[in-house]
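Inspection log for the structure reproduced underneath, given as C-alpha coordinates.
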Amino acid sequence: MSDKADDAQAEEAPAKGGLNMMGLLVLGLACAATSFASVYFLAPAPVAAAAVTTEAEADYEPVEKEPADKKPYTYTEVQEILITIGSAPATRYLKLNLSLATEKTDAKLVKSNETALIDAFLLYLRSVSVEDFEDPAFYKHMREQLGRRADLVLGDGVAKGVLITEFLLR
91 MSDKADDAQA
101 EEAPAKGGLN
111 MMGLLVLGLA
121 CAATSFASVY
131 FLAPAPVAAA
141 AVTTEAEADY
151 EPVEKEPADK
161 KPYTYTEVQE
171 ILITIGSAPA
181 TRYLKLNLSL
191 ATEKTDAKLV
201 KSNETALIDA
211 FLLYLRSVSV
221 EDFEDPAFYK
231 HMREQLGRRA
241 DLVLGDGVAK
251 GVLITEFLLR
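Here the numbering used here is used: the first residue of the sequence shown is 91, the next is one more, and so on.
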(Lines of atoms letter the chains of each structure in order from A; the text may use other names.)
(Lines give C-alpha, C1' and ligand atoms only; values in the text may rest on other atoms or scores of the structure.)
Protein backbone atom coordinates (compact mmCIF):
# COMPACT_ATOMS: atom_id res chain seq x y z
CA MET A 91 0.00 0.00 0.00
CA SER A 92 2.82 2.31 0.66
CA ASP A 93 4.11 1.82 -2.90
CA LYS A 94 0.78 2.92 -4.32
CA ALA A 95 0.71 5.97 -2.05
CA ASP A 96 4.22 7.04 -3.10
CA ASP A 97 3.34 6.69 -6.78
CA ALA A 98 0.21 8.77 -6.30
CA GLN A 99 2.13 11.50 -4.52
CA ALA A 100 4.80 11.58 -7.23
CA GLU A 101 2.15 11.98 -9.93
CA GLU A 102 0.34 14.69 -8.02
CA ALA A 103 3.51 16.68 -7.16
CA PRO A 104 3.36 20.13 -8.72
CA ALA A 105 5.94 21.10 -11.34
CA LYS A 106 8.98 22.99 -10.02
CA GLY A 107 8.73 26.74 -10.39
CA GLY A 108 11.30 28.90 -12.23
CA LEU A 109 12.79 28.93 -15.68
CA ASN A 110 14.30 25.89 -17.20
CA MET A 111 17.10 25.88 -19.77
CA MET A 112 14.78 26.46 -22.71
CA GLY A 113 13.15 29.43 -21.00
CA LEU A 114 16.55 31.05 -20.35
CA LEU A 115 17.55 30.56 -23.97
CA VAL A 116 14.35 32.21 -25.21
CA LEU A 117 14.80 35.09 -22.75
CA GLY A 118 18.40 35.68 -23.91
CA LEU A 119 17.35 35.63 -27.56
CA ALA A 120 14.56 38.10 -26.89
CA CYS A 121 16.96 40.49 -25.11
CA ALA A 122 19.48 40.28 -27.94
CA ALA A 123 16.80 40.92 -30.56
CA THR A 124 15.40 43.96 -28.76
CA SER A 125 18.88 45.40 -28.19
CA PHE A 126 19.76 45.05 -31.85
CA ALA A 127 16.42 46.46 -32.98
CA SER A 128 16.66 49.50 -30.72
CA VAL A 129 20.17 50.35 -31.94
CA TYR A 130 19.35 49.68 -35.58
CA PHE A 131 16.06 51.55 -35.76
CA LEU A 132 16.74 54.39 -33.32
CA ALA A 133 20.18 55.36 -34.60
CA PRO A 134 20.21 58.32 -36.99
CA ALA A 135 20.71 57.56 -40.64
CA PRO A 136 24.27 58.11 -41.85
CA VAL A 137 24.75 61.26 -43.87
CA ALA A 138 26.89 61.05 -46.96
CA ALA A 139 29.89 63.31 -46.70
CA ALA A 140 29.78 66.01 -49.29
CA ALA A 141 32.96 67.61 -50.46
CA VAL A 142 32.52 71.34 -50.32
CA THR A 143 35.18 73.57 -51.72
CA THR A 144 34.89 77.26 -51.28
CA GLU A 145 37.40 79.98 -51.61
CA ALA A 146 37.77 81.98 -48.47
CA GLU A 147 38.72 85.58 -48.69
CA ALA A 148 41.31 86.80 -46.30
CA ASP A 149 39.61 89.08 -43.80
CA TYR A 150 42.83 89.58 -41.92
CA GLU A 151 45.66 91.51 -43.41
CA PRO A 152 48.80 91.57 -41.29
CA VAL A 153 49.90 95.04 -40.39
CA GLU A 154 53.60 95.64 -40.31
CA LYS A 155 54.60 96.96 -36.96
CA GLU A 156 57.58 99.01 -36.17
CA PRO A 157 60.00 97.08 -34.01
CA ALA A 158 59.30 97.82 -30.39
CA ASP A 159 62.06 99.21 -28.31
CA LYS A 160 63.11 96.07 -26.53
CA LYS A 161 65.14 96.50 -23.47
CA PRO A 162 68.22 94.38 -23.91
CA TYR A 163 68.43 91.62 -21.35
CA THR A 164 71.59 90.30 -19.91
CA TYR A 165 71.99 86.67 -18.97
CA THR A 166 73.65 86.10 -15.65
CA GLU A 167 74.93 82.61 -14.96
CA VAL A 168 74.22 81.04 -11.62
CA GLN A 169 76.72 78.56 -10.23
CA GLU A 170 76.32 74.90 -11.11
CA ILE A 171 73.77 72.90 -9.13
CA LEU A 172 74.57 69.26 -8.36
CA ILE A 173 72.10 67.31 -6.21
CA THR A 174 71.19 63.71 -5.56
CA ILE A 175 67.70 62.64 -6.52
CA GLY A 176 65.48 59.89 -5.21
CA SER A 177 65.07 58.16 -1.92
CA ALA A 178 67.92 56.72 0.09
CA PRO A 179 70.25 55.36 -1.05
CA ALA A 180 70.19 57.95 -3.81
CA THR A 181 72.04 56.59 -6.78
CA ARG A 182 70.97 59.25 -9.27
CA TYR A 183 72.02 62.83 -9.45
CA LEU A 184 71.09 65.97 -11.34
CA LYS A 185 73.57 68.47 -12.70
CA LEU A 186 71.99 71.76 -13.69
CA ASN A 187 73.39 75.02 -15.03
CA LEU A 188 71.09 78.02 -15.17
CA SER A 189 71.17 81.58 -16.41
CA LEU A 190 68.76 84.30 -15.34
CA ALA A 191 67.60 86.87 -17.85
CA THR A 192 67.49 90.31 -16.23
CA GLU A 193 67.86 93.90 -17.26
CA LYS A 194 71.42 95.15 -17.32
CA THR A 195 70.88 97.20 -14.19
CA ASP A 196 69.74 94.14 -12.20
CA ALA A 197 72.62 91.83 -13.14
CA LYS A 198 74.55 92.77 -9.99
CA LEU A 199 71.49 91.95 -7.88
CA VAL A 200 71.55 88.37 -9.20
CA LYS A 201 75.21 87.90 -8.29
CA SER A 202 74.75 89.36 -4.82
CA ASN A 203 71.78 87.06 -4.08
CA GLU A 204 73.22 83.97 -5.76
CA THR A 205 73.41 81.95 -2.54
CA ALA A 206 69.75 82.59 -1.74
CA LEU A 207 68.81 81.71 -5.33
CA ILE A 208 70.68 78.41 -5.16
CA ASP A 209 68.98 77.60 -1.85
CA ALA A 210 65.52 78.33 -3.26
CA PHE A 211 66.25 76.28 -6.38
CA LEU A 212 67.57 73.33 -4.34
CA LEU A 213 64.51 73.28 -2.09
CA TYR A 214 62.29 72.98 -5.14
CA LEU A 215 64.45 70.46 -7.01
CA ARG A 216 64.65 68.13 -4.01
CA SER A 217 60.85 67.98 -3.84
CA VAL A 218 60.59 66.71 -7.42
CA SER A 219 60.44 62.95 -8.02
CA VAL A 220 62.69 61.11 -10.45
CA GLU A 221 59.71 60.17 -12.64
CA ASP A 222 58.94 63.86 -13.17
CA PHE A 223 62.47 64.55 -14.40
CA GLU A 224 62.12 61.74 -16.95
CA ASP A 225 58.97 63.31 -18.45
CA PRO A 226 59.84 65.73 -21.31
CA ALA A 227 56.67 67.78 -20.68
CA PHE A 228 57.91 68.55 -17.17
CA TYR A 229 60.70 70.93 -18.26
CA LYS A 230 58.38 73.83 -19.03
CA HIS A 231 56.79 73.44 -15.60
CA MET A 232 60.23 73.25 -13.97
CA ARG A 233 61.36 76.43 -15.73
CA GLU A 234 58.23 78.25 -14.51
CA GLN A 235 58.78 77.05 -10.94
CA LEU A 236 62.42 78.13 -10.98
CA GLY A 237 61.31 81.53 -12.28
CA ARG A 238 58.85 81.86 -9.40
CA ARG A 239 61.61 81.07 -6.91
CA ALA A 240 63.82 83.68 -8.56
CA ASP A 241 61.00 86.23 -8.24
CA LEU A 242 60.62 85.40 -4.55
CA VAL A 243 64.32 85.94 -3.90
CA LEU A 244 65.02 88.91 -6.19
CA GLY A 245 61.63 90.61 -6.16
CA ASP A 246 58.78 90.64 -8.65
CA GLY A 247 59.76 91.38 -12.23
CA VAL A 248 63.52 91.33 -11.74
CA ALA A 249 64.05 87.93 -13.35
CA LYS A 250 62.64 88.01 -16.88
CA GLY A 251 63.24 84.33 -17.47
CA VAL A 252 65.22 81.25 -16.52
CA LEU A 253 67.35 79.55 -19.14
CA ILE A 254 68.53 76.01 -18.57
CA THR A 255 71.95 75.85 -20.18
CA GLU A 256 72.89 72.35 -19.03
CA PHE A 257 70.74 69.51 -17.73
CA LEU A 258 72.23 66.15 -16.90
CA LEU A 259 70.32 63.39 -15.12
CA ARG A 260 72.34 60.30 -14.23
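Even glycine gets a Cβ: it sits at the ideal position worked out from N, Cα and C.
Quantities reported herein were computed from a predicted structural model and do not represent experimental measurements.
- When the Cα atoms are used, Tyr165 and Pro179 turn out to be separated by approximately 36 angstroms.
- Distance from the CA atom of Lys161 to the CA atom of Asn187, rounded to whole angstroms, is 25 angstroms.
- Here Arg238 carries a helix assignment [DSSP, helix/strand/coil].
- Residue pairing by DSSP puts Gly251 in a beta bridge opposite Ala191.
- A direct Cα-Cα distance of roughly 11 angstroms separates Tyr229 from Leu253.
- The beta carbons of Phe211 and Arg182 sit about 18 angstroms from each other, so the pair does not count as a contact at 8 angstroms.
- Bounds of any alpha helix (DSSP H) do not take in Val168; it lies within the beta strand (DSSP E) bounded by Tyr163 to Ile175.
- A distance of 8 angstroms or more separates the beta carbons of Ala191 and Tyr214.
- Note on geometry: alpha-carbon atoms of Glu151 and Ile175 lie some 52 angstroms from one another.
- With a 10 Å radius around the Cβ and a threshold of 16 neighbouring Cβ atoms, Met112 comes out exposed.
- When C-alpha distances from Ala249 are compared across Phe257, Ala120, Ala135 and Ala197, the shortest belongs to Ala197.
- CA-CA distance, Leu259 to Asn203, rounds to 26 angstroms.
- Within the DSSP bridge table, the entry for Arg182 names Ile175 as partners.
- Just so you know, the alpha carbons of Lys185 and Val168 end up roughly 13 angstroms apart.
- Non-local beta-carbon contacts of Leu172 in its own chain, meaning distances under 7 angstroms to residues more than five positions away in sequence, involve Tyr183 and Lys185 in chain order.
- Restricting attention to Asp222, Gly237, Glu224 and Val218, the CA atom closest to the CA of Ser189 is found in Gly237.
- Put simply, of Ser177, Asp246 and Leu199 the residue whose alpha carbon is nearest the alpha carbon of Val218 is Ser177.
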